[in-house]
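S.K.: Here full-length UniProt numbering is used: the first residue of the sequence shown is 1, the next is one more, and so on.
By construction, the Cβ of each residue, glycine as well, lies at the ideal position given by its N, Cα and C atoms.
Here the structure is a predicted model, which is why all the values come from computation and not from measurement.
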Amino acid sequence: MEIVSVSEPIDKQPKLKYQSTKVFDGFSTCFRQWRSQGSHCHFLHGYSVSFKVWFEGELDHHCWVWDFGGMKKARTQIDGMNPKAWMEYMFDHTVIVAEDDPYLPSFYQLQEQGVIQLRVLQAVSAEKFAELVLTKLNEFVQTETAGRVRVKRVEFREHERNSAVVESN
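1. Whose C-beta lies closer than 7 Å to the C-beta of Ile78 among residues of the same chain, with five residues either side of it excluded?
2. Measure the C-alpha to C-alpha separation of Val133 and Val154 and round it to an integer number of angstroms.
3. Specify, as a first and last residue, the run of the beta strand (DSSP E) that Ser20 falls within.
4. DSSP three-state call for Phe55: helix, strand or coil?
5. In angstroms with no decimal places, state the Cα-to-Cα distance between Leu16 and Phe156.
6. Which residues in the same chain have their Cβ closer than 7 Å to the Cβ of Tyr47, if we skip the five residues on either side of it in sequence?
7. By the 10 Å Cβ neighbour count, where 16 or more other Cβ atoms means buried, how is Ala130 classified, buried or exposed?
8. Classify Ile96: buried if its beta carbon has 16 or more other beta carbons within 10 angstroms, exposed otherwise.
9. Could you give the DSSP three-state label for Asn138: helix, strand or coil?
10. Can you list the alpha helix (DSSP H) stretches of 4 or more residues lying completely in the segment 106-163, in chain order?
Printed below as a string of structure tokens:
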């Protein structure tokens, strides 16, 4: 087998930007956007949501931007959990409402009764879910790789027809 090499000196090669992606899916999430009166979105509703995450950075000694299994075996934690566990904690079989939802006391009562797993966020929307995941995973990835990799983009999908994307500069 012949080994192929790049013929130009390294300093003459174009600077390459490496990205890889990972999909996190299978999260059954229920939420409501109480401010969307006049839309069915103000009712509790749920989807099997997913996130597609873009990692960008330099290659490591494996020639990888990001180890696809890196979320499970990470040393760094998010709120005391590895990132995969944090994603499950936030989005798997949970009810997500905004901190200013007028029915928040009722949701807390349902949680106390063991009916729901409540997650309260500053705001509820596909865009804000994508932003939350980008922010949390980027902090983790930056720490885990000593700044070699960052989370460039996150796409949140309610289903195959609806998604929201947030991207860092």
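M.R.: So, from the listed chains and residues:
1. Trp86, Lys136 and Phe140
2. 7 Å
3. Tyr18 to Phe31
4. strand
5. 27 Å
6. Thr29, Glu158 and His159
7. buried
8. buried
9. helix
10. 126-144
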